[in-house]
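Novice:
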Amino acid sequence: MKKDTIKISDIVDALNLKIECGEKLLNREIKGGYASDLLSDVMANTKEGDIWVTLQGHPNIVAVAKLKEIAGIILVNNRRPEQETLKKAEAEEVPILTSTLPSFELIGKLYKMGISGMR
Amino acid sequence: MLRCLRADLHIHTCLSPCGDLTMSPYRIVTRAREMKLDIIGICDHNSAENVQATKNASSDKNIKILAGMEVTTAEEVHIIALFDETREVLDLQKQVYEHLPPVENNEALFGPQIIVNELDEVEGYNKRLLITATSITLKELVAEIHNLGGLAVASHIDRETYGIIGQLGFIPDDLELDALEISPRISRSEALARFPEINKFPLISASDAHHLEDIGKAPTSFLLEAPTIHEIEKALTNRDGRKVLLQ
Numbered sequence: 000m001k002k003d004t005i006k007i008s009d010i011v012d013a014l015n016l017k018i019e020c021g022e023k024l025l026n027r028e029i030k031g032g033y034a035s036d037l038l039s040d041v042m043a044n045t046k047e048g049d050i051w052v053t054l055q056g057h058p059n060i061v062a063v064a065k066l067k068e069i070a071g072i073i074l075v076n077n078r079r080p081e082q083e084t085l086k087k088a089e090a091e092e093v094p095i096l097t098s099t100l101p102s103f104e105l106i107g108k109l110y111k112m113g114i115s116g117m118r
Numbered sequence: 000m001l002r003c004l005r006a007d008l009h010i011h012t013c014l015s016p017c018g019d020l021t022m023s024p025y026r027i028v029t030r031a032r033e034m035k036l037d038i039i040g041i042c043d044h045n046s047a048e049n050v051q052a053t054k055n056a057s058s059d060k061n062i063k064i065l066a067g068m069e070v071t072t073a074e075e076v077h078i079i080a081l082f083d084e085t086r087e088v089l090d091l092q093k094q095v096y097e098h099l100p101p102v103e104n105n106e107a108l109f110g111p112q113i114i115v116n117e118l119d120e121v122e123g124y125n126k127r128l129l130i131t132a133t134s135i136t137l138k139e140l141v142a143e144i145h146n147l148g149g150l151a152v153a154s155h156i157d158r159e160t161y162g163i164i165g166q167l168g169f170i171p172d173d174l175e176l177d178a179l180e181i182s183p184r185i186s187r188s189e190a191l192a193r194f195p196e197i198n199k200f201p202l203i204s205a206s207d208a209h210h211l212e213d214i215g216k217a218p219t220s221f222l223l224e225a226p227t228i229h230e231i232e233k234a235l236t237n238r239d240g241r242k243v244l245l246q
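So the protein sequences, as listed, match chains A and B. The first sequence begins at 0 in numbering that gives the first Met the number 0 and counts up one residue at a time. The second sequence begins at 0 in numbering that gives the first Met the number 0 and counts up one residue at a time.
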């Protein structure tokens, strides 16, 4: 049975995420997920199309997301991206979303929606 | 005779992908003199390939260049290594290169990594991905810096990103850091109020300059007989009259 594709807009609506940037990119398909706050680990282990859950808000997250063709980034726990991060993310077309939930809760909900880390 | 020497021990060059293109040896040294600095540390991310050029550029100037590097540990903590001699930091660089992932830098995303000479002419580009973490742990790194005769200083401990307290939550008891660096964003008293545990360590401040105009922000003054690592080490441990002078 073919799963329905999940788009960024689907998780924004379902999980009440705030769109910090990339409003026009919400049609992007989410193929999987990865959670880590170590950028070196993200660089080594994410796959193209992953949604990335992290608490880091500094500009390097955009470069890593772009490099790894990540679908989008979710910052947890009320964390906000730095101004420079947002500027870079707009330029590089990386959507950044924020959630009031801690990582554990947010990832649980994403998983329930059918997004998996293993694929 | 003991002298008061002003130091900015943490300055990046255009070799760091995030360093401004104008951060070239001659301009850095000139700016440092304008800011009345006596000692500067050249500390690029995971590389030291512009250290000797900066030393060469300073040959007719009354300023001491320390050979440094800002290493990213496996925990993604930034540690500054400072040495007297270029060959010492190049020994560390060899090990750092062996512990970086075999991935090339992406200039468009992270920035160019420019190797220059003392005349500020481009000599080449470092192709490694210098912005990422090495697989060297904090403990291994500090031990290796000491083994090579250098000082290990935890960078910008008040910054959540890549600062030791932000990354680990605390400073491990068994880590033999020579000093902690406070960034220009915060005063010494603010830092002590926010992170009481840091009073066990010698504190310095440094600019972490990535742009010329930041050089010399929050310098540290030392009472030393000469601008050497050995003398600075004595000042950090308050020996033989050597001291870190409070700002």
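Heads up, the beta-carbon is just placed ideally off N, CA and C, and yes, glycines get one too. It should be emphasised that the depicted structure is a prediction, and the values quoted were computed from it without experimental measurement.
#1: If you count every other CB in all the chains shown that lies within 10 Å of the CB of Ala62 (chain A), and 16 or more means buried, which is it?
#2: Roughly how many whole angstroms lie between the Cα atoms of Gly307 (chain B) and Lys216 (chain B)?
#3: Taking contact to mean at least 3 C-beta pairs separated by less than 8 angstroms, is the stretch 137-153 of chain B in contact with the stretch 50-63 of chain B?
#4: Is it right to say Lys35 (chain B) is buried, meaning 16 or more other beta carbons lie within 10 angstroms of its own, or is it exposed?
#5: Name the chain B residues that come within less than 9 angstroms of Leu38 (chain A), Cβ to Cβ?
#6: Suppose contacts are defined by Cβ-Cβ distances below 7 angstroms. Is Ile114 (chain A) in contact with Gly71 (chain A) by that definition?
#7: Give every residue of the same chain whose Cβ lies closer than 7 angstroms to the Cβ of Leu128 (chain B), excluding the five residues on either side of it in the sequence, and list them in chain order.
#8: Quick one, which residues of the stretch 63-83 of chain A are near chain B if we go by CB-CB under 7 angstroms, in chain order?
#9: From Gln166 (chain B) to Lys54 (chain B), what does the alpha carbon distance come to, in whole angstroms?
#10: DSSP three-state label for Asp157 (chain B), please.
#11: Only counting the same chain, and skipping five residues up and downstream in sequence, which positions put a Cβ closer than 8 angstroms to that of Ser204 (chain B)?
#12: Which chain B residues are close to Met42 (chain A), counting only those with a beta carbon under 7 angstroms from its beta carbon?
#13: Less than 7 angstroms between CB atoms is the rule here; does Phe109 (chain B) satisfy it with respect to chain A?
#14: With DSSP run on the structure shown, which of helix, strand or coil describes Ile190 (chain A)?
#15: Hey, is Thr136 (chain B)'s beta-carbon within less than 7 angstroms of any beta-carbon in chain A?
#16: Among B:Val88, B:Gln92, B:Val76 and B:Ala107, which has the Cα closest to the Cα of Ala90 (chain A)?
#17: Just the C-alpha distance for Val70 (chain B) and Gly162 (chain B), rounded to the nearest angstrom, thanks.
#18: Counting along the chain, where does the beta strand (DSSP E) carrying His77 (chain B) start and finish?
#19: Could you give the DSSP three-state label for Gly32 (chain A): helix, strand or coil?
#20: By a C-beta neighbour count over all protein chains shown, 10 Å radius and 16 as the cutoff for buried, is Met0 (chain B) buried or exposed?
#21: Does any CB atom of chain A fall closer than 7 angstroms to the CB of Asn45 (chain B)?
#22: For Ile10 (chain A) and Glu75 (chain B), I'd like the C-alpha separation in whole angstroms.
#23: Could you tell me how far apart the beta carbons of Leu41 (chain B) and Asn49 (chain B) are, in whole angstroms, since I believe they sit closer than 8 angstroms?
#24: Identify the continuous alpha helix (DSSP H) that holds Asp9 (chain A) and give its terminal residues.
#25: Answer with yes or no whether the minimum CB distance from Leu36 (chain B) to chain E is below 7 angstroms.
#26: So if DSSP puts Thr219 (chain B) in a beta bridge, which residue, or which two residues, is it bridged to?
#27: Taking buried to mean at least 16 other C-beta atoms within 10 Å of its own C-beta, is Asp288 (chain B) buried or exposed?
#28: Would you call the stretch 194-208 of chain B and the stretch 3-18 of chain B touching, i.e. three or more CB-CB distances under 8 angstroms?
#29: Just checking: is the beta-carbon of Asn105 (chain B) within a distance shorter than 7 angstroms of some beta-carbon in chain A?
#30: Does any CB atom of chain A fall closer than 7 angstroms to the CB of Thr298 (chain B)?
#31: To the nearest angstrom, how far is the alpha carbon of Tyr33 (chain A) from that of Val41 (chain A)?
#32: Under 7 angstroms between C-beta atoms, does Thr227 (chain B) make it to chain A?
#33: Quick one: is Lys65 (chain A) buried, meaning 16 or more other Cβ sit within 10 Å of its Cβ, or exposed?
#34: Please name the residue in B:Ile170, B:Val88, B:Glu175 and B:Asp177 whose C-alpha comes closest to that of Pro195 (chain B).
#35: Closer than 7 angstroms, CB to CB, is Thr160 (chain B) near chain A or not?
Specialist: According to the structure shown:
#1: The residue given as residue 62 (chain A) occupies position 63 in the first sequence. It counts as buried.
#2: Since the first residue of chain B shown is 0 and the last is 246, residue 307 (chain B) is not available in this structure.
#3: no
#4: Position 36 of the second sequence, counting from 1, holds the residue named residue 35 (chain B). Its Cβ having fewer than 16 others within 10 Å, Lys35 (chain B) is exposed.
#5: To locate residue 38 (chain A), count along the first sequence from 1; it is residue 39. Near Leu38 (chain A) (Cβ distances below 9 angstroms), the residues of chain B are Glu75, Ile130, Thr131 and Ala132.
#6: Here residue 114 (chain A) is taken as the residue at index 115 of the first sequence, counted from 1. Here residue 71 (chain A) is taken as the residue at index 72 of the first sequence, counted from 1. Contact flag unset, no.
#7: For the purposes of this step, residue 128 (chain B) is taken as the residue at position 129 of the second sequence. Within the same chain, Leu128 (chain B) has close Cβ partners Leu99, Pro100, Val102, Glu103 and Asn104.
#8: Lys65 and Leu66
#9: What you label residue 166 (chain B) is simply residue 167 of the second sequence in a count that begins at 1. What you label residue 54 (chain B) is simply residue 55 of the second sequence in a count that begins at 1. Their Cα atoms are separated by approximately 33 angstroms.
#10: Here residue 157 (chain B) is taken as the residue at index 158 of the second sequence, counted from 1. Correct three-state label for Asp157 (chain B): coil.
#11: Indexing the second sequence from 1 puts residue 204 (chain B) at position 205. Around Ser204 (chain B): Glu180, Ile181, Ser182, Pro183, Arg187, Ala217, Pro218, Thr219 and Gln246.
#12: Indexing the first sequence from 1 puts residue 42 (chain A) at position 43. Under the 7 angstroms cutoff, chain B gives Thr131.
#13: Here residue 109 (chain B) refers to the residue found at position 110 of the second sequence. So yes, Phe109 (chain B) belongs to the interface.
#14: Because residue 190 (chain A) is not part of the residues shown, which for chain A are 0 to 118, the question remains open.
#15: Against the second sequence, residue 136 (chain B) aligns to sequence position 137. Not closer than 7 angstroms to any Cβ of chain A, the Cβ of Thr136 (chain B) fails to qualify, so no.
#16: Position 91 of the first sequence, counted from the start, is the residue given in the question as residue 90 (chain A). With distances taken between Cα atoms, Ala90 (chain A) lies closest to B:Ala107.
#17: Position 71 of the second sequence, counted from the first residue, corresponds to residue 70 (chain B). Position 163 of the second sequence, counted from the first residue, corresponds to residue 162 (chain B). Approximately 12 angstroms, taken between the alpha carbons.
#18: Looking up residue 77 (chain B) in the second sequence gives position 78. That run of the beta strand (DSSP E) goes His77 to Phe82.
#19: Residue mapping note: residue 32 (chain A) aligns to position 33 of the first sequence, counting from 1. Reduced to three states, the DSSP call for Gly32 (chain A) is strand.
#20: Counting from 1 along the second sequence, the entry for residue 0 (chain B) is found at position 1. Classification of Met0 (chain B): exposed, given that the 10 Å Cβ count is below 16.
#21: Position 46 of the second sequence, counting from 1, holds the residue named residue 45 (chain B). Output row for Asn45 (chain B): interface = no.
#22: The residue labelled residue 10 (chain A) in the question sits at position 11 within the first sequence. The residue labelled residue 75 (chain B) in the question sits at position 76 within the second sequence. The alpha-carbon atoms of Ile10 (chain A) and Glu75 (chain B) are separated by roughly 30 angstroms.
#23: Position 42 of the second sequence, counting from 1, holds the residue named residue 41 (chain B). Position 50 of the second sequence, counting from 1, holds the residue named residue 49 (chain B). For the sequence presented, residue 41 (chain B) should be read as Ile rather than Leu. Indeed they touch by this definition, with Cβ atoms about 6 angstroms apart.
#24: To locate residue 9 (chain A), count along the first sequence from 1; it is residue 10. Per DSSP, Asp9 (chain A) belongs to the alpha helix (DSSP H) from Ile7 to Leu14.
#25: This model lacks chain E altogether; the protein chains it does include are A and B.
#26: As a working note, residue 219 (chain B) is residue 220 in the second sequence. Paired residue(s): B:Ala6.
#27: Shown here, chain B extends from 0 to 246; a query on residue 288 (chain B) therefore has no answer.
#28: yes
#29: To locate residue 105 (chain B), count along the second sequence from 1; it is residue 106. Yes, contact with chain A.
#30: Shown here, chain B extends from 0 to 246; a query on residue 298 (chain B) therefore has no answer.
#31: As a position in the first sequence, residue 33 (chain A) is number 34, starting the count at 1. As a position in the first sequence, residue 41 (chain A) is number 42, starting the count at 1. Spanning the two alpha carbons is a distance of roughly 8 angstroms.
#32: What you label residue 227 (chain B) is simply residue 228 of the second sequence in a count that begins at 1. It does not; no Cβ of chain A falls within 7 angstroms.
#33: Residue 65 (chain A) sits at position 66 when you count from the first residue of the first sequence. Buried.
#34: What you label residue 195 (chain B) is simply residue 196 of the second sequence in a count that begins at 1. Comparing Cα-Cα distances from Pro195 (chain B) to each of B:Ile170, B:Val88, B:Glu175 and B:Asp177, the minimum goes to B:Ile170.
#35: Numbered from its first residue, the second sequence carries residue 160 (chain B) at position 161. Yes, because at least one Cβ of chain A sits closer than 7 angstroms to the Cβ of Thr160 (chain B).
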